[in-house]
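So for the sequence shown, the working numbering puts the first residue at 2; every next one is plus one. Reading through the structure tokens given below for one structure.
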Amino acid sequence: MPKVLLIDNDEDFQNKLRKGFEDYDNEFDFALPGDAGLTKYKDYIPDLVLINYCHCKKDAKMMFDQILRFDSTACIIVLLNDDEKNLISEMYKYGARSTISSPKKLKTDKDTKIIMDQMFEVCAELKFEECVGCWKTQRFSSTIKFN
2 MPKVLLIDND
12 EDFQNKLRKG
22 FEDYDNEFDF
32 ALPGDAGLTK
42 YKDYIPDLVL
52 INYCHCKKDA
62 KMMFDQILRF
72 DSTACIIVLL
82 NDDEKNLISE
92 MYKYGARSTI
102 SSPKKLKTDK
112 DTKIIMDQMF
122 EVCAELKFEE
132 CVGCWKTQRF
142 SSTIKFN
């Protein structure tokens, strides 16, 4: 069962993603940005880390540095909203394995499904078997063009 850690400071966003991941047999936890995020990473040792950039802007670089210093193999994926697409190359420089398009707020179940579909695509592209094995037969029905 893949373990996913979301680093984010929006409780509603956290809860909606938690439901999406847990519905598909994943362990899910979240942490606030900054030192709390690193502490949670060390305690939880997730298979996958999601950093929601729009809610963690000032701490994003620090989060990358600290997590990757602790675990150079960490799989970090960044959620970026449409206003932040210009930051994709910067996120890769920080150490992101991939980026995912994300609305600023998850207003509907469809918004959560969009993120989940992109997660399937990213994990498949990264050959991240821990996720792909659990998710490959559980895809959502929405079709996503992912970056």
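Ideal Cβ placement from N, Cα and C applies to all residues, glycine included.
| Item | Value |
| --- | --- |
| From D72 to V5, what distance separates their C-alpha atoms? | 15 Å |
| Once you ignore the five residues that flank F29 on each side, which residues in its own chain have a CB closer than 6 Å to its CB? | V5, R19, F22 and E23 |
| What are the start and end residues of each continuous beta strand (DSSP E) run of 3 or more residues lying completely inside the region 37-75, in chain order? | 49-53 |
| Taking DSSP as the reference, what is the three-state secondary structure of L80? | strand |
| Using the C-alpha atoms, what's the distance from D66 back to Q57? | The sequence shown places Cys at residue 57, not Gln. Distance between the alpha carbons of C57 and D66 is about 14 Å. |
| Taking G35 and D60 to be in contact with their CB atoms under 8 Å, please state how far apart those CB atoms are, rounded to whole angstroms. | 5 Å |
| With a cut-off of 8 Å, do at least 3 Cβ pairs link the region 107-116 to the region 86-94? | no |
| Closer than 7 Å by C-beta to A97: which residues in its own chain qualify, once you throw out the five before and the five after it? Chain order, please. | I77, I78 and V79 |
| What residue range does the alpha helix (DSSP H) around A97 cover? | First-last for A97: undefined, no H or E at that position. |
| If distances are taken between C-alpha atoms only, which option among S99, K105, K108 and T109 comes closest to C124? | S99 |
| Helix, strand or coil, according to DSSP, for K4 in the structure here? | strand |
| Taking the C-alpha atoms as reference points, what is the distance between N87 and S102? | 12 Å |
| Could you tell me whether the Cβ atoms of I46 and I8 are closer together than 7 Å? | no |
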